[in-house]
Amino acid sequence: MGTFKLYRDCGMAAGRPDLSVSYIKALLIREVLYNILSQDVDSDDHPESDGCLLCQLKHVAYLAIWTESDYAVSSVRPLRPADWIKFQKYSCRVKKLEICSGINSESDSDIFVVFSFAPPSLFPNLHHLRVSNPSKGWPYFLRSFVGPRLIRLDMEVFIDTEEQFTFVSDLGREEHSFSLNKLSRDFICGWSRLQNLTCDALLNDTLTHLAHLESLQSLNITVDSPGVFRDLLPSSSEPIFTNLRDFTLHPVGSACLNSSISFLKHLPSALVALQIYPVENLNLGQHVLHDLLHVVDDMHRPHKIMERFSVVDDKEIFPRPAQGTAIDFEVLKTLLTFQNLREVNIDIVLPLEGLPKFRKLSLGALHECRGHSAVTLDGLATLLEFCPELEDLGIVVNAVGSGRPPNHGKYNNIVVLKLGDSNIASAPTHVAAFLSVIVPQVRAFRIWKPFDAFGPDFEEHNVRGNWWSTVMQ
Numbered sequence: 031m032g033t034f035k036l037y038r039d040c041g042m043a044a045g046r047p048d049l050s051v052s053y054i055k056a057l058l059i060r061e062v063l064y065n066i067l068s069q070d071v072d073s074d075d076h077p078e079s080d081g082c083l084l085c086q087l088k089h090v091a092y093l094a095i096w097t098e099s100d101y102a103v104s105s106v107r108p109l110r111p112a113d114w115i116k117f118q119k120y121s122c123r124v125k126k127l128e129i130c131s132g133i134n135s136e137s138d139s140d141i142f143v144v145f146s147f148a149p150p151s152l153f154p155n156l157h158h159l160r161v162s163n164p165s166k167g168w169p170y171f172l173r174s175f176v177g178p179r180l181i182r183l184d185m186e187v188f189i190d191t192e193e194q195f196t197f198v199s200d201l202g203r204e205e206h207s208f209s210l211n212k213l214s215r216d217f218i219c220g221w222s223r224l225q226n227l228t229c230d231a232l233l234n235d236t237l238t239h240l241a242h243l244e245s246l247q248s249l250n251i252t253v254d255s256p257g258v259f260r261d262l263l264p265s266s267s268e269p270i271f272t273n274l275r276d277f278t279l280h281p282v283g284s285a286c287l288n289s290s291i292s293f294l295k296h297l298p299s300a301l302v303a304l305q306i307y308p309v310e311n312l313n314l315g316q317h318v319l320h321d322l323l324h325v326v327d328d329m330h331r332p333h334k335i336m337e338r339f340s341v342v343d344d345k346e347i348f349p350r351p352a353q354g355t356a357i358d359f360e361v362l363k364t365l366l367t368f369q370n371l372r373e374v375n376i377d378i379v380l381p382l383e384g385l386p387k388f389r390k391l392s393l394g395a396l397h398e399c400r401g402h403s404a405v406t407l408d409g410l411a412t413l414l415e416f417c418p419e420l421e422d423l424g425i426v427v428n429a430v431g432s433g434r435p436p437n438h439g440k441y442n443n444i445v446v447l448k449l450g451d452s453n454i455a456s457a458p459t460h461v462a463a464f465l466s467v468i469v470p471q472v473r474a475f476r477i478w479k480p481f482d483a484f485g486p487d488f489e490e491h492n493v494r495g496n497w498w499s500t501v502m503q
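Sequential numbering of the sequence shown, starting at 31, is according to our numbering.
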């Protein structure tokens, strides 16, 4: 058991719990708990019906540690020392723990109180802890989980009190990864060996601190002001972000995008991954991509080690591209000089919008892909939507995780479909149903076959052939 997820839903209605839900277990009796902690409880503020917590435990081992609820009363009891020992027999196996909170309420915070008094290093072999939107007692709650082996801590929380700031600053390890949605600048500037950071927009002085942090390897930030990089533009030869390897930007508006592109030229050539995800409709035309690629080309000379490059709009915000944003593929020639590139992600809707008259299109379907394509069946349907006159299409797709066939039309012009060695192992019948809906007039259907039928991969290709036979029936 390497990963354990704990979800808490505190929206339980008052009254008798559902006896059929086997995982509702006793956690604490409010009166006993607060007597132990020598704290007073106002019964008006803490009704008895609010003392029960719904806890979905994904592993049967964890069910053994709880005492069955007395369903006549919506209350529960704290764990005894023997229960903690039993718990630790299983918790020592956990390497990744995710805790996702429900509604912030008094009963929601009780679970934090219980674990605040758990034995130290309750998960001694925990490597990765992720906490999402916990209640007000979360600083003490984390003391039970921050063990000697923890190397990554992702917290999607608000740090809004000096008490919380002090606790997180005193965790004792400075190589954690942090993912927070709001940060105090003093909190960021207090770390001297931070390796990974994901957060919203930062103040100029905070970004300046990060720029001179030699340990920083990955940075994911929102750029909400075009002047945020102003203080970082080096007036001398002093280097910045010397060991940054992965940089992700979310510019808000065209001015922030232009400022971000101008700033990139000051980054070191050690950058191997660059992702830009605008959070407003910026009408990303070819001139923007041209400027960006020109800067990327200059910053990586002479050693072009870039491995991942992405420029993608948010499809949920911008379901259709603006007119006149088609990409001239001449612009992309710069990428051909980066021989280490492993991943390029540029919104394919943009270039396709400029190719509505295409009748024949082949995208790598004549060569072996071995199922590594990132084009989904949904992506195939989008391609056909923007190239309605296509008659002959060759493309390699990956059917893993594809959804239902779209409802927005059929593409009757497609008569030849070449899908290479597309990966359909997970659902060949689903692929057949999907294709029959979007390309009902196909007359020629081709898949990739090996040239050496007696080579070492013969058995694998034979299996693939059986999958496609199912599709074509």
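Don't be surprised by glycine CBs; every beta carbon is placed ideally from N, CA and C.
Computed from a prediction, not measured in an experiment: that's the story for all the values here.
Worksheet item: Roughly how many angstroms lie between the CA atoms of Ala241 and Glu268, to the nearest whole one?
Response: A straight line joining the alpha-carbon of Ala241 with that of Glu268 spans about 11 Å.
Worksheet entry | Val469 (DSSP reduced to helix, strand or coil) | DSSP places Val469 in coil when its eight states are reduced to three.
Worksheet item: What is the C-beta distance between Gly424 and Ser452, in whole angstroms, given that I count them as a contact (C-beta under 8 Å)?
Response: Cβ-Cβ separation between Gly424 and Ser452: approximately 11 Å, too far for a contact (criterion under 8 Å).
Discussion item. Taking the alpha-carbon of Ser290 as reference, which of Asn443, Val318, Val467 has the nearest alpha-carbon?
Written reply: When the alpha-carbon of Ser290 is set against those of Asn443, Val318, Val467, the nearest one is in Val318.
Worksheet item: Under 9 Å between the Cβ atoms of Asn234 and Leu262?
Response: Yes, these two residues count as a Cβ contact at 9 Å.
Discussion item. Among the candidates Leu304, Ser151, Gln225, Ser162, whose CA atom is the shortest distance from the CA of Arg182?
Written reply: Of the listed residues, the one whose Cα sits closest to Arg182 is Gln225.
Worksheet item: Should Ile115 be labelled buried (16 or more other beta-carbon atoms within 10 Å of its own) or exposed?
Response: Per the 10 Å Cβ criterion, exposed.
Item to complete: Over the uninterrupted beta strand (DSSP E) stretch that includes Asn536, give me the two end residues.
Response: Here the chain comprises residues numbered 31 to 503, so residue 536 is not present and cannot be evaluated.
Worksheet item: Which residues share a DSSP beta bridge with Thr252?
Response: DSSP output for Thr252 lists His280 as bridge partner(s).
Worksheet item: Which residues mark the beginning and the end of the alpha helix (DSSP H) in which Asp451 is found?
Response: Unbroken run through Asp451: none, as it is neither H nor E.
Discussion item. One question on the structure: do Val326 and Thr364 come within less than 9 Å of each other, judged by their Cβ atoms?
Written reply: A distance below 9 Å separates the beta carbons of Val326 and Thr364.
Worksheet item: Is Ala303 closer than 9 Å to Thr278 when the C-beta atoms are compared?
Response: Yes.
Worksheet item: Mapping DSSP to helix, strand and coil, what is Gln225?
Response: Coil, per DSSP.
Fill in: Straight-line gap, Pro281 to Pro256 (C-alpha atoms, nearest Å)
Each residue's Cα considered, the two are about 9 Å apart.
Worksheet item: I think Arg223 touches Ser245, with their Cβ atoms under 8 Å apart; what is that distance to the nearest whole Å?
Response: With a beta-carbon spacing of about 5 Å, Arg223 and Ser245 fall inside the 8 Å limit used to define contacts.
Worksheet item: Quick one: Cα of Asp230 to Cα of Lys295, how far?
Response: So the two alpha carbons sit approximately 22 Å from each other.
Worksheet entry | Start and end residues, beta strand (DSSP E) containing His296 | For His296, there is no enclosing beta strand (DSSP E), as DSSP marks it with neither H nor E.
Fill in: Coarse secondary structure for Ala474, derived from DSSP in three states
Three-state DSSP puts Ala474 in a strand.
Item to complete: Note down the Cα distance separating Leu232 from Cys219, rounded to an integer number of angstroms.
Response: In a straight line, the C-alpha of Leu232 is about 11 Å away from that of Cys219.
Fill in: Residue closest to Val467, alpha-carbon to alpha-carbon, out of Phe117, Tyr441, His158, His320
Closest option to Val467, Cα to Cα, is Tyr441.
Discussion item. Using the three-state DSSP reduction, which class does Val3 fall into: helix, strand or coil?
Written reply: Because the chain in this structure spans residues 31 to 503, residue 3 falls outside the shown range and cannot be described.
Worksheet item: What do you get for Ala463, buried or exposed, if any count of 16 or more other CB atoms within 10 angstroms of its CB means buried?
Response: Exposed: under 16 other Cβ atoms inside 10 Å.
Discussion item. Going by DSSP, what residue range makes up the alpha helix (DSSP H) through Ser115?
Written reply: Position check: residue 115 holds Ile in this sequence, whereas Ser was assumed. Start and end: 111-121.
Practice prompt. Look at the alpha carbon of His324 and the alpha carbon of Ser292, and state the distance between them as a whole number of angstroms.
Written response: Distance between the alpha carbons of His324 and Ser292: 11 Å.
Worksheet item: Between the C-alpha atoms of Phe339 and Leu413, what's the straight-line distance to the nearest angstrom?
Response: Answer to the nearest angstrom: the Cα atoms are 21 Å apart.
Worksheet item: Roughly how many angstroms lie between the CA atoms of His239 and Ile270, to the nearest whole one?
Response: Distance between the alpha carbons of His239 and Ile270: 10 Å.
Item to complete: Give me the Cα-Cα distance between Pro111 and Ala429, rounded to the nearest whole angstrom.
Response: Going from the Cα of Pro111 to the Cα of Ala429 covers about 50 Å.
Worksheet item: Which whole-angstrom value describes the C-beta separation of Lys387 and Glu419, a residue pair presumed to lie in contact below a C-beta threshold of 8 Å?
Response: The C-beta distance from Lys387 to Glu419 rounds to 6 Å, short enough to meet the 8 Å contact threshold.
Practice prompt. Have a look at the DSSP bridge pairing and note the partners of Asp422.
Written response: Answer by DSSP bridge pairing, in chain order: Lys390, Val446.
Worksheet item: At what residues does the alpha helix (DSSP H) containing Phe416 begin and finish?
Response: In the DSSP assignment, Phe416 falls within the unbroken alpha helix (DSSP H) covering 407-416.
Item to complete: Check whether the Cβ atoms of Leu156 and Leu109 lie closer than 9 Å to each other.
Response: No.
Worksheet item: Between the C-alpha atoms of Thr252 and Asp184, what's the straight-line distance to the nearest angstrom?
Response: Straight-line Cα distance between these residues: approximately 17 Å.
Practice prompt. Less than 8 Å between the CB atoms is what I'm expecting for Val427 and Thr406, so what's the real figure, rounded?
Written response: A Cβ-Cβ separation of about 7 Å places Val427 in contact with Thr406 under the 8 Å criterion.
Worksheet item: In this structure, does DSSP put Val461 in helix, strand or coil?
Response: Assigned with DSSP and collapsed to three states, Val461 falls in helix.
Practice prompt. Whole angstroms is fine: what's the gap from Ile129's alpha carbon to Pro150's?
Written response: When rounded, the distance between both Cα atoms is 18 Å.
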